[in-house]
Structures are given as C-alpha cells and as structure tokens.
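*Asks:* 442 is the number that my numbering gives the last residue of the sequence shown; the numbers go up by one with no jumps.
I'd like to ask some things about the structure below.
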Amino acid sequence: MNITRFKSGPIAAVAALSILLSCSKNFTSPQQSSSSNLTTTAVTPAVAATSSYQLIWSDEFNTDGGFDTSKWSFCERGTPAWTKYLTENPAYAYVGSGNLKLRMDNSVITGDSIAYHSGGVKTSGKFNFLYGKVEVRAKFNQGQGSWPAIWMMPDNPVAYGGWPNSGEIDIMEHVNFGSVVYQTVHNATVTSSSGGSSASHAASYNASDYNIYTLVWSPASLQFYVNNVLQYTYSKPAGATYLNWPYDQPFYIILNQSGGAGWPGAITDSNLPFTMDVDYVRVYKNSLLTNGGFETGALSPWTTWGTVSQLVSTDARTGSYAIREQGTGETSIEQSITGLEANTTYRFGGFGKVDTAGQSVLLGVKNYGGSAVDANITSTTYQHNAVLFTTGASNTSATLYYYKPLSGTVFGDDFYLEKMQ
C-alpha cells in the first residue's frame, strides 16, 4: 500500500474476538419439563436448516449528541495520510438529525494548531465479526481534497504480519469531485509495493443523495454492492493461503471523513467543509438457525428443559426480545438442526450475559458426530462467544444449546449458525 493513497500503517492491536473457549462437556438433556409458560417439550424436534440474514449489530444514530461509546470510539491521529488531521473533538464526529455526522474543516482549535481537523470513528475493541453482511447508508459532499471512507481492518492487525498481509476491506472510498466510488481489497498478493491494489472496482453512485454501500462476506468471497446492485466480487482463490485470503479472521468497521493528504491531494479551502452523514450501519449473519434473535415473539422452534426459560422484552440486545433463563437449578434451551452437510465445519455463536458476577452460561453444540463443545459466558453485559464444530462422516444434524448449569439468571440473544467452508 502506498500510504499517500490508501489507508494503512500501524493500528493499535486489540484482543481478537474471543472464540473457541470450549470445554469438553458431554451432557444429555434430561427428559423433564420446564416451568416456562411458553411451549415446552421433552424431546427437541428437528428443524431443517434454512439460510437467512439475521441482524446481529446495528447503530441507527437516532439519539442526538455524542455517538454511542459502547459501539464506537474516535479514530486517532497518526502517520498514515488518512489520519493526518483526525481529531477527537466532538464537533467532528457526533449524532444529529438521525445521522452520524463526520466533518472536516479548517477551523482553529485552541491547543491544536494543525491546518485542518477531521472526524472518524471505529468499532475496534467494541465490536468485530467474521463473515456476514454489512450495510451502510450514507451521503457525502464533494470537494478538492475530500476523502470519505467506509472500510474494515482486521481486529488483530498483525495476524498474518504487517499491512497488507493481514488484509483490508474498503467498502467505499471517494476522492475529490469523482463521479465514482472505489471498492477495494488489500492483501499480500493484490497490493503492489507502491500500495495500489489490482483488486479494485470503480462504481457509479448518486452524488446528490444517500447511497447504500454493502459488503457480503462469506468463506468463499467478498461481494461489494452499491444500492443493492452487485458491483464487484473478489473470490477466494483455489488453494488460497493468507497471502491472497487473509479474510478468515474478525474485522472491525471504520467510518471517516478525511482529506488533505495522500490520495486526494491538497485541499481547496473554499470547498470546505467536507461532510459525510451516515444514516445507519447494520451487520447481519447469514444464519442457518431459525428464530435466533427471538423476534417472532415466540420461543419455537427452540425447546426447553429445567427451570424457567421465557422470552422477555426488558433485556433484548437487539430488536424486541431475548431469552431469559432463571431458577435454582439447571436450565436450557435447545434447537436440533437437520439438513447440514457431513464432514463440514460450522460455527454456532451468539450473545449472552449473566445477571450477577460469578454466574455463567454455556453456548454449545452436541449430537453432531463428535463430543459436545461449548463456550462459557460470564459477563454482566452482553458478550459474544462462539464454537466451531465439524460434522461426522455420516452426520447431517446437530443440537444447539444455551445452558445455565447453576442457580441464577442469564440472558441470551442474536444466536446464529453459519457454514465455515
């Protein structure tokens, strides 16, 4: 990457997404009824795997003021061209009139005497994901020296070595008065020594209105859309290694209004301010699981055993409902999925929390052709966790569970099941 054109350079490392925190638990659900007032059955009926997108994370920017710090933090000023004028002054990244507003201008800020200031936010350390669909609705103005961008970087920036080895995904970049936006990937194979990428596409967009910029990310490809029209596909090459496919690790999201250095060149001050308004950011999982977010308003096709399992609307992570398990003994919800492929790796993940520190809940899989695997959740705020499992040579089904082993109260939401190969 040529940092005078594209975004690059060191980014502070944060802990990678906590997955595969598994233990070898091999229980069999006892044939007992739940005291829940919802549908209860002693035997988990099978549900055919059906692929559909499920919302797992979003920001609609509906509350004026500062952005949601549980989801975003400021992008810091640094060496790469896109970071040269970044500021953490709230006047350059805030929420107003139903939008995240990112700004760049030449106003004077006491104690910070650089010529320009610009705003950017990122989900690093707060949210990342592996595979799914990202949809961002945004609009921006044009001007000489302007450089708005919607993009993604690996949560572990040196997972496969320094940039570009660990990858970069640019969902949208625009410069100056261009009639197109650019959608680009970077890795050790497609990125030249000068920083340009051979894996890039210029797409038309509506310069006078909002546009929807979408990335569909699967284990096999990166697909880029503008206004729901497929523009460009970068496919995983046969026999791929990290050199041409470092996109098998969690990435986080960056939104920024930059300019004045690198690719766009010098700013014409009369064109200021540069602005990008973001209406929403939504992340979906292509899940094989039915009712993983409980938004049907009913628990089915999940079944329960143990003490009390019921839907509640007071602790939903997204949407209107979450599952609550409570009581003095073991409690679990389960869903048996059929129609999977034998000898195939899948990932079951979701979000959970406990009511009181010291409690725990397990998210896991059994009856897939191997020993049960699960991941422990102990946080009092919603925490993501996931497990990988590979079906046996003749196994095409699995049972997913969310299991509270002891007394107490736990919550769960936004569960998903995805194919990993």
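All C-beta atoms, glycine included, are put in the ideal place defined by N, C-alpha and C.
Measuring CB atoms only, is the stretch 127-135 touching the stretch 307-322, in the sense that at least three cross pairs come out at less than 8 Å?
*Replies:* no
*Asks:* With a cut-off of 8 Å on the beta carbons, I'd call Gln-270 and His-222 a contact; round off their distance for me.
*Replies:* At roughly 23 Å, the Cβ-Cβ gap does not stay under 8 Å, so Gln-270 and His-222 are not in contact.
*Asks:* Compare the beta carbon distance of Tyr-403 and Phe-82 with 8 Å and say whether it is the shorter of the two.
*Replies:* no
*Asks:* How many Å lie between Val-202 and Met-193 at the Cα?
*Replies:* 6 Å
*Asks:* Which residues bound the beta strand (DSSP E) around Asn-312?
*Replies:* Neither: Asn-312 is in no beta strand (DSSP E) and is coded neither H nor E.
*Asks:* I'd like the list of long-range same chain contacts for Gly-188, defined as Cβ closer than 6 Å, with 5 residues on each side in sequence excluded.
*Replies:* Pro-175, Asn-208, Pro-267, Tyr-268
*Asks:* In whole angstroms, give me the CA-to-CA distance for Gly-370 and Phe-410.
*Replies:* 11 Å
*Asks:* Can you tell me which residues form a DSSP beta bridge with Ala-173?
*Replies:* Inspection of the sequence shows that residue 173 is occupied by Met rather than by Ala. Checking the DSSP bridge columns, you'll see Met-173 partnered with Ile-190, Ile-274.
*Asks:* According to DSSP, is Gln-53 part of a helix, a strand, or is it coil?
*Replies:* Caution applies to Gln-53, whose pLDDT of 31 falls short of 50 and renders its modelled position unreliable; the value that the coordinates give is listed next. If DSSP states are grouped into helix, strand and coil, Gln-53 belongs with coil.
*Asks:* Pair every Cβ in the stretch 346-357 with every Cβ in the stretch 319-333, then say whether three or more of these pairs are closer than 8 Å.
*Replies:* yes
*Asks:* Please report the distance separating the alpha-carbon of Tyr-422 from that of Ala-70.
*Replies:* 15 Å
*Asks:* Can you grab the Cα-Cα spacing for the pair Gly-199 / Arg-158, in whole Å?
*Replies:* Rounded to the nearest angstrom, the two C-alpha atoms are 19 Å apart.
*Asks:* May I ask you to list the residues that DSSP assigns as paired with Tyr-301?
*Replies:* Arg-158
*Asks:* Less than 8 Å between the C-beta atoms of Lys-15 and Ile-274, yes or no?
*Replies:* Nothing about residue 15 can be read from this structure; the chain reaches only from 22 to 442.
*Asks:* Please classify Ser-321: does DSSP put it in a helix, a strand, or coil?
*Replies:* coil
*Asks:* Using CA atoms only, rank isn't needed, just tell me which of Gln-75, Thr-417, Gly-216, Asp-298 is closest to Gly-360.
*Replies:* Thr-417
*Asks:* Would you mind working out which of Ala-241, Val-237, Thr-254, Asn-248 sits nearest Ser-219, comparing C-alpha positions?
*Replies:* Checked all of Ala-241, Val-237, Thr-254, Asn-248; the closest Cα to Ser-219 is Thr-254.
*Asks:* Using a C-beta cutoff of 8 Å, does Asp-269 count as contacting chain D?
*Replies:* Among the chains in the structure shown there is no chain D, since it carries only a single protein chain.
*Asks:* Kindly indicate the opening and closing residues of the beta strand (DSSP E) around Met-125.
*Replies:* It spans 120-126 - the beta strand (DSSP E) in which Met-125 sits, taken as one unbroken run.
*Asks:* Tell me the rounded alpha-carbon separation between Ala-114 and Asn-162.
*Replies:* 16 Å
*Asks:* Considering Arg-345, what are the terminal residues of the beta strand (DSSP E) in which it resides?
*Replies:* 343-359
*Asks:* Near Thr-279, which residues of its chain fall below 6 Å by C-beta distance, leaving aside the five closest residues on each side in sequence?
*Replies:* Sequence inspection shows Ser at residue 279; the Thr mentioned does not correspond to that position. The residues are Trp-103, Ser-139, Trp-168.
*Asks:* Which whole-angstrom value describes the C-beta separation of Asn-110 and Leu-293, a residue pair presumed to lie in contact below a C-beta threshold of 8 Å?
*Replies:* Contact between Asn-110 and Leu-293 does not hold, since their C-beta atoms are separated by about 16 Å, which reaches or exceeds 8 Å.
*Asks:* Which residues mark the beginning and the end of the beta strand (DSSP E) in which Asn-232 is found?
*Replies:* 232-238
*Asks:* In chain order, what residues of the same chain lie with their CB nearer than 7 Å to the CB of Arg-303, ignoring the 5 residues before and after it?
*Replies:* Closer than 7 Å at Cβ, skipping near neighbours: Leu-76, Ser-79, Glu-156.
*Asks:* Report all residues from its chain with a CB closer than 6 Å to the CB of Thr-25; omit the five preceding and five following residues, and keep chain order.
*Replies:* Residue placement at Thr-25 is poorly supported in this model, since its pLDDT is 36, which falls under 50; the coordinates still yield a value, given next. The answer, listed in chain order, is Ala-102, Gly-283.
*Asks:* For a minimum of 3 consecutive residues, which ranges assigned as the beta strand (DSSP E) are wholly contained in the stretch 84-115?
*Replies:* none
*Asks:* Would you say Ile-171 and Leu-276 are within 8 Å of each other, going by their C-beta atoms?
*Replies:* yes
*Asks:* Using the Cα positions of Ser-229 and Val-196, report the straight-line distance between them to the nearest angstrom.
*Replies:* 15 Å
*Asks:* Taking its Cβ as the centre, do 16 or more other Cβ atoms sit within 10 Å of Gln-442, making it buried, or is it exposed?
*Replies:* By the neighbour-count criterion, in which 16 or more other beta carbons inside 10 Å mark a residue as buried, Gln-442 falls on the exposed side.
*Asks:* Using the DSSP secondary-structure output, state which residues sit across from Asp-133 in a beta bridge.
*Replies:* Paired residue(s): Ile-130.
*Asks:* With distances taken from CA atoms, which of Ile-233, Tyr-367, Trp-184, Ile-358 is nearest Val-250?
*Replies:* Considering only alpha carbons, the answer is Ile-233.
*Asks:* How should Val-237 be labelled, buried or exposed, when 16 other C-beta atoms within 10 angstroms of its C-beta is the threshold for buried?
*Replies:* buried
*Asks:* Assuming Val-333 and Ala-343 make a contact with CB atoms under 8 Å, what is their CB distance in whole Å?
*Replies:* 6 Å
*Asks:* So is Asp-395 buried or exposed if we call it buried at 16+ other beta carbons inside 10 Å?
*Replies:* buried
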